[in-house]
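Line by line, the protein sequences are chains L and R.
For what it's worth, my numbering labels the leading residue of the first sequence as 798, then goes sequentially.
For what it's worth, my numbering labels the leading residue of the second sequence as 15, then goes sequentially.
Quick reminder that beta carbons are idealized off the backbone N, C-alpha and C, glycines included.
The structure presented is a predicted model; accordingly, all values stated were derived computationally and were not measured.
Reviewing the structure listed below.
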Amino acid sequence: MNRRLLLLTFLGLLVPPALAHDAKVGAITIQHPYAPAMPGAAKTGIVYATIVNRGDADRIVGATTTAAERVELHTTVRDGTAMRMRAVEAIPLPMGGTLALQPGQRFHLMLINLAKPLREGDSFPMRLTFEKAGAVDLTIQVERLKSGGNHHH
Amino acid sequence: MTSLLRAAIAMALALVLAAVTGDRAAAHSTLRASEPPDGAVLERPPARIVLEFDEPVSAVSLAVVDRAGRAIALRAPPRIVDHRLEAALPETMPPDVYAVVWRVASADAHPVAGTLVFAVGTTIPADFRPPANDGGPGWLVANIVLRFGTITATFVAAGGAIFGAVVAPLPRRLRRRFGTLAALGAVIAFLAIPVRGALLLGIDGFTAAPALLWLAAIDTRFVAAMIAVAAGLTTLAAAWRRTAARPALAGALGLASIAALAVSGHVAAVAPPWLMALAIVTHVTLAAFWIGALLPLTAALEGPPREAAGILRRFSRVAVIAVASLVLVGAVVAAVQLATPLAIESSEYGKALLVKLVGVTALLTLAIGNRLIHMPALAAGNVHAASRLRRAIRWEIAAASFVIGATAILGLTPPPRPPIDLAGATEPGVGATALGARISAVLEVTPGQAGRNRILVEILGADGEALEARRVELVLAPAEPAAATPRLLRAARSAGGFAFADVDLPVSGRWTLRLEVRISELEFETLTTEVSIR
Chain L
798 MNRRLLLLTF LGLLVPPALA HDAKVGAITI QHPYAPAMPG AAKTGIVYAT
848 IVNRGDADRI VGATTTAAER VELHTTVRDG TAMRMRAVEA IPLPMGGTLA
898 LQPGQRFHLM LINLAKPLRE GDSFPMRLTF EKAGAVDLTI QVERLKSGGN
948 HHH
Chain R
15 MTSLLRAAIA MALALVLAAV TGDRAAAHST LRASEPPDGA VLERPPARIV
65 LEFDEPVSAV SLAVVDRAGR AIALRAPPRI VDHRLEAALP ETMPPDVYAV
115 VWRVASADAH PVAGTLVFAV GTTIPADFRP PANDGGPGWL VANIVLRFGT
165 ITATFVAAGG AIFGAVVAPL PRRLRRRFGT LAALGAVIAF LAIPVRGALL
215 LGIDGFTAAP ALLWLAAIDT RFVAAMIAVA AGLTTLAAAW RRTAARPALA
265 GALGLASIAA LAVSGHVAAV APPWLMALAI VTHVTLAAFW IGALLPLTAA
315 LEGPPREAAG ILRRFSRVAV IAVASLVLVG AVVAAVQLAT PLAIESSEYG
365 KALLVKLVGV TALLTLAIGN RLIHMPALAA GNVHAASRLR RAIRWEIAAA
415 SFVIGATAIL GLTPPPRPPI DLAGATEPGV GATALGARIS AVLEVTPGQA
465 GRNRILVEIL GADGEALEAR RVELVLAPAE PAAATPRLLR AARSAGGFAF
515 ADVDLPVSGR WTLRLEVRIS ELEFETLTTE VSIR
């Protein structure tokens, strides 16, 4: 009994490192948050991630980071074939839904006034706040920009 | 002389009338509109690129590149249709940010270039840097220098020929010198064609094939005009090689060369166009006559004084009318060029114009001084008058060089580039989201200010994808209870979303928006959100 328990615990301890780059808060999982490297002396950056909600409907109501002056929540408004970016006060996360904060998708996080340029290989902390689930601390990796397309796990 | 004066006054009046009643002139070809608009973010790739200008232009180059700088193969070479440059794009283009790097030439071979940015299926980063579309400064300088040379050679040689026909025949010594100058001018005018081609192509250094340089400007009026100038000056040089003077023939050839030079420059598109062209030809011809007279007058002053006085008197009678008309026509041309929104274009244009005006004022002052002071002195037999006059004319030559230099720069001043305006970034409006149990919504209120607004609503499913709801009704109420009662509005469908047009939000501040969404026959949800109206 004790040995089996020990073995299971040992195996259980192996699992989290594999998912090290995902973060959880409540029933919400934030998968692979990253920011594309920006060329030159860019003053704005974008953070992408895939957010899976296994619980009640919730909303992203804010984010803060030391890497930028502020983080804005942005949506894409579709008007015929034209699209416009607008800042919004909250990003909805439906019950049991997946929110893709990805290039070409409906929502993303905008970093305004970067403290320093985002270079490939860097990482920076960000605190993401949900209305119900609360705040979660993330580590955002800076990766090379992939032209369009979604990032799949 | 009185009939000439009458003719000059009549022409001047006609030109003033034309300027007042004509359409506003564009200083240079400018981009009026484009398809897609600059900064557009599109779901599907556009079928074609269209660049619309305010004047007929000729195509120099057009390339479409993705963010990595790779060129996108066009379905067919770009073509000019009326005032538009069109290019057909491939049917599929991967989601990316694209830049259309384009160059056209106006009729006077003035380069107009720009970069159009659009995105397919992705957003344009706020700090996106489109590829550069500027040539090296060396070619601009080369063009200004050759333009200066062409104008100077034409004015001196052809202007001198007109002097010889109208005032007094040129001495043999001058005919030989001017003949050489005319031949040189022809070569310069001819070489101006590939040098202008380099400017149009926007190259840096010698990176283009020579044939391309000659052909770049081929569709412009400039090339035909430069060939005509070269031909005119060559014929003039040949005519002067003979020992007989033949001033009438030389004068006619000179006039033809000057007219060709005049139309090689910018002719503002004023209705009727032939009147503006006539104004510019008149202006340039009179200027060429005046400046072209300076060296022959100096030569006359080196000869016997009585002859010199006679020549000067005859010149002065013609010159008074010529200069008066020149100033009047010049003022009209400048007023027409400046009476446009874009034409206080760049400070370079303003500075060059200022230099030209300073030079013209100096020329006028010297000419008036000559007329009123030195010439009577010469006629009275004053022994120093000739040398004083010669010195004054040398100053006039210097001032004339200033004027020609400023003219060359004015003609080649690049037009201002309109700043890149990312479509979504500057259009006023407010975004909002609303969350329900099974659905959520994205809203946009434009312009998001007190008064008439348009509200766009898109319904999203649990997976974040757009959901085709049956019906959406919107209930609006200002957040402060004291204001108007809530209003119920019905939406019109708008390409996958719902649009509420002409919504009146009479007060600024917080407003509550309640969405009553009929998802399907059996499903109904109410979503609520708030927006801040300015």
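Beta bridge pairing from DSSP links Ala448 (chain R) with R:Ala455. Using a Cβ-Cβ cut-off of 7 Å, Ser454 (chain R) is close to Pro889, Pro891 of chain L, given in chain order. A straight-line Cα-Cα distance of about 10 Å links Phe416 (chain R) and Leu371 (chain R). The three-state reading of DSSP puts Ile909 (chain L) in strand, counting E and B together. In this structure, the beta-carbon distance from Pro92 (chain R) to Glu105 (chain R) does not fall below 8 Å. Contact between Leu870 (chain L) and Ile843 (chain L) does not hold, since the beta-carbon distance rounds to 12 Å and is not under 8 Å. Not a single CB atom of chain R sits nearer than 8 Å to the CB of Thr936 (chain L). Against chain L, the CB of Ala476 (chain R) has a partner CB under 8 Å away; the residue lies at that interface. Minimum Cα-Cα distance from Leu896 (chain L) among the listed residues L:Ile825, L:Leu802, L:Arg801, L:Arg800 corresponds to L:Ile825.
Sixteen is the threshold: when 16 or more other Cβ atoms of the shown chains lie within 10 Å of the Cβ of His124 (chain R), as they do, the residue is buried. Arg524 (chain R): member of the beta strand (DSSP E) spanning 523–532, first to last residue. Using beta-carbon distances, Leu896 (chain L) counts as an interface residue toward chain R, with a partner under 8 Å. Burial state of Asp516 (chain R) is exposed, judged by a 10 Å Cβ sphere holding fewer than 16 other Cβ atoms.
Taking CB atoms only, Val844 (chain L) has no neighbour in chain R less than 8 Å away. Take the alpha-carbon of Val343 (chain R) and the one of Arg191 (chain R): they are about 31 Å apart. Within chain R, no C-beta atom comes nearer than 9 Å to that of Pro830 (chain L); the closest sits roughly 17 Å away. A contact is defined here as three or more CB-CB pairs under 8 Å, and the stretch 44–54 of chain R fails this definition with respect to the stretch 77–95 of chain R. Annotation for Lys929 (chain L): Asp853, Asp855 place their beta carbon closer than 7 Å to its own, counting only its chain and skipping 5 residues before and after.
Boundaries for Arg81 (chain R): no alpha helix (DSSP H) harbours it, and the DSSP string shows neither H nor E there. Remark: C-beta atoms of Ala820 (chain L) and Leu890 (chain L) do not approach each other more closely than 8 Å. For Asn157 (chain R), the enclosing alpha helix (DSSP H) has its first and last residue at 151–180. Distance from the CA atom of Ala313 (chain R) to the CA atom of Arg408 (chain R), rounded to whole angstroms, is 12 Å.
Between Ile207 (chain R) and Val237 (chain R), the beta carbon gap of about 6 Å places them in contact (Cβ cut-off 8 Å).
For Phe416 (chain R), the enclosing alpha helix (DSSP H) has its first and last residue at 399–426. Chain L places no beta carbon closer than 8 Å to that of Pro91 (chain R), leaving this residue out of the contacts. Ala258 (chain R) sits in coil when the DSSP states are folded into three classes, being neither helix nor strand. Within 10 angstroms of the beta-carbon of His905 (chain L) lie 16 or more other beta-carbons, which makes it buried. When 9 Å is used as the limit between beta carbons, Pro914 (chain L) is near no residue of chain R, the shortest such separation being about 10 Å. Pairing Ala274 (chain R) with Ala242 (chain R) gives a Cβ-Cβ distance under 8 Å. Relative to the Cα of Gly918 (chain L), the nearest Cα in the group L:Ala834, L:Asn799, L:Thr841 belongs to L:Ala834. Cα atoms of Ala376 (chain R) and Ile305 (chain R): separation of roughly 13 Å, rounded to the nearest angstrom. Pairing Leu195 (chain R) with Val159 (chain R) gives a Cβ-Cβ distance that is not under 8 Å.
Using a Cβ-Cβ cut-off of 8 Å, Thr137 (chain R) counts as an interface residue toward chain L, since at least one Cβ of chain L sits closer than that to its own. Distance from the CA of Ile411 (chain R) to the CA of Gly317 (chain R), rounded to the nearest whole angstrom, comes to 19 Å.
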